[in-house]
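**Q** Here you go, one structure.
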């Protein structure tokens, strides 16, 4: 286990394991195709000179392994992200052991072939076996324990055979052979370091991107969706209702005495209060409801309500929650809340219009005395438009000096002319 961890097969690094497994799904089919090609070549070259137990069983076994593992890794491409880290670790270890076993078996077969054929055929066999071992190692570079295992499993029996060879030239080549093996191992480890560094850099960048995306769509104080994400989710809710039918309610909620808490206890207490209120609202929501903080002490709750009575029950519950005293680190505070509700029956409306109508109902609820709820209706909209028009006309009149202010004395409740 320590060797596996030392050479890059760690069971506690899920992102690295996933990318190692992904690399194997891309490269191992090519490796097995190379093994099959070398096997076929050796059979053609030595078919007439080797015993039957080498000519048929060994190539048949290798062909079976190659076909089965190629099929496995081609299918594995589709499930890389679906598998868990322990499964990745298990499959990579299996590939590591199988790779070393195949490399060792190939080397042994190569040494056995040295007893048959011509000198040229023998040299060809060794070159092909060594080449397929090196190519296999580079295909396994993302898992250095597998890559190094293949090189060593192929090199050890060949080196031992060269040392005891009767040919002095082959014996003298052993140091060069060993040096080349060490160099290949060094290159493989360098390739792995670059691979691992790239994986970890991508993982860091991905986490940074996720944090930035979360920050862009969530309120940093409460962790709730912000106005931008609310608009997106509200649009999705409208799309679902357009497709399946049904109603839903938009609640605009505003705390009634939040400014007093800030003035009496400071902004830290105000922030603590907002976090507490957000938790209580979230606990009161249903699984399909959407809760957002859109600024200051104002929240929006999109409720998957079937009718006005269901929306009213939730709003009444929230008003009751806020009516109770709340305990902060600085002391107990009393706030309360007012709620404006718009029951959306037309899914063709714009999300911003839905929130605007609920906000108008909230404005009316606060004007009527606070700590209450109010449903939107056309009268509220008309009153708002009338007030807005009156304000605009007064601003224009002041701007153009069209107002004449007259002081009129009042005597005993009647005006004096």
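Numbering (my numbering), first residue to last: 498 to 914. Glycine is no exception: its CB is placed at the ideal position from the N, C-alpha and C atoms. Quick caveat, the model's predicted, so the values are computed rather than measured.
Do residue 605 and residue 654 have their C-beta atoms closer together than 8 Å?
**A** Working through the chain shown from its first residue, we reach residue 605 at position 108. Working through the chain shown from its first residue, we reach residue 654 at position 157. Yes, these two residues count as a Cβ contact at 8 Å.
**Q** Between the stretch 807 to 826 and the stretch 698 to 710, do three or more beta carbon pairs fall short of 8 Å?
**A** No, they do not touch.
**Q** On the DSSP bridge assignment, give the partners of residue 795 in chain order.
**A** The residue you call residue 795 lines up with position 298 of the chain shown. 751 and 792, per the DSSP bridge assignment.
**Q** Quick check on residue 503: buried or exposed, where buried means 16 or more other Cβ atoms within 10 Å of its Cβ?
**A** Indexing the chain shown from 1 puts residue 503 at position 6. Interpretation of residue 503 is limited by its pLDDT of 47, a score under 50 that renders its predicted location unreliable; the figure taken from the coordinates is listed afterwards. So residue 503 ends up on the exposed side.
**Q** Secondary structure at residue 719, three-state DSSP: helix, strand or coil?
**A** Taking the first residue of the chain shown as position 1, residue 719 is located at position 222. Looking at residue 719 - three-state DSSP - the assignment turns out to be coil, as it is neither helix nor strand.
**Q** Pick out whichever of 749, 594, 542 and 692 has its Cα sitting closest to the Cα of residue 837.
**A** As a first step, residue 837 is located in the chain shown; it is residue number 340 there, counting from the start. The candidate whose alpha carbon is nearest that of residue 837 is 749.
**Q** Looking only at DSSP bridge pairs, what is residue 839 linked to?
**A** Reading the chain shown from its first residue, position 342 is the one you call residue 839. Note: residue 839 sits in a beta bridge opposite 747.
**Q** In the DSSP assignment, find the beta strand (DSSP E) that holds residue 829 and state where it starts and stops.
**A** Within the chain shown, residue 829 is the residue found at index 332, counting from 1. Residues 828 to 830.
**Q** Mapping the DSSP letters down to three states, classify residue 676 as helix, strand or coil.
**A** Counted from its first residue, the chain shown places residue 676 at position 179. Residue state, collapsed to three classes: helix.
**Q** Bridge partners for residue 603 per DSSP, in chain order?
**A** On the chain shown, position 106 is the one that residue 603 refers to. DSSP output for residue 603 lists no bridge partner at all.
**Q** Using the C-alpha atoms, what's the distance from residue 577 back to residue 875?
**A** Translated into positions along the chain shown, residue 875 becomes position 378. Translated into positions along the chain shown, residue 577 becomes position 80. Roughly 56 Å separates the two Cα atoms.
**Q** Taking buried to mean at least 16 other C-beta atoms within 10 Å of its own C-beta, is residue 516 buried or exposed?
**A** The residue given as residue 516 occupies position 19 in the chain shown. Counting Cβ neighbours within 10 Å, residue 516 comes out buried, since at least 16 surround it.
**Q** On the DSSP letters alone, give me the boundaries of the beta strand (DSSP E) that residue 818 sits inside.
**A** Numbered from 1 along the chain shown, position 321 holds the residue referred to as residue 818. Note, residue 818: premise wrong, no beta strand (DSSP E); alpha helix (DSSP H) at 805 to 820.
**Q** In terms of alpha-carbon separation, which member of 678, 829, 622 and 863 lies closest to residue 541?
**A** On the chain shown, residue 541 is found 44 positions in, with the first residue counted as 1. Checked all of 678, 829, 622 and 863; the closest Cα to residue 541 is 622.
**Q** Would you say residue 595 and residue 634 are within 8 Å of each other, going by their C-beta atoms?
**A** Numbered from 1 along the chain shown, position 98 holds the residue referred to as residue 595. Numbered from 1 along the chain shown, position 137 holds the residue referred to as residue 634. Result no, Cβ atoms of residue 595 and residue 634 do not sit closer than 8 Å.
**Q** Run through DSSP, which three-state label would residue 870 get?
**A** As a working mapping, residue 870 is identified with position 373 in the chain shown. Residue state, collapsed to three classes: strand.
**Q** Could one say the Cβ of residue 768 lies closer than 8 Å to chain B's Cβ atoms, at least one of them?
**A** Any reference to chain B falls outside this structure, which holds one protein chain only.
**Q** Terminal residues of the continuous alpha helix (DSSP H) containing residue 726?
**A** As a working mapping, residue 726 is identified with position 229 in the chain shown. Looking at the DSSP string, the run of the alpha helix (DSSP H) that includes residue 726 is 724 to 741.
**Q** Leaving out five residues on either side along the sequence, give the residues of the same chain with a beta carbon under 6 Å from the beta carbon of residue 728.
**A** Position 231 of the chain shown, counting from 1, holds the residue named residue 728. Only 848 meet the Cβ criterion.
**Q** Between residue 618 and residue 565, is the Cβ-Cβ spacing less than 8 Å?
**A** Taking the first residue of the chain shown as 1, we reach residue 618 at position 121. Taking the first residue of the chain shown as 1, we reach residue 565 at position 68. No, they are not a contact pair.
**Q** At the level of alpha carbons, what is the spacing between residue 793 and residue 724?
**A** Here residue 793 refers to the residue found at position 296 when the chain shown is read from its first residue. Here residue 724 refers to the residue found at position 227 when the chain shown is read from its first residue. One C-alpha to the other measures close to 12 Å.
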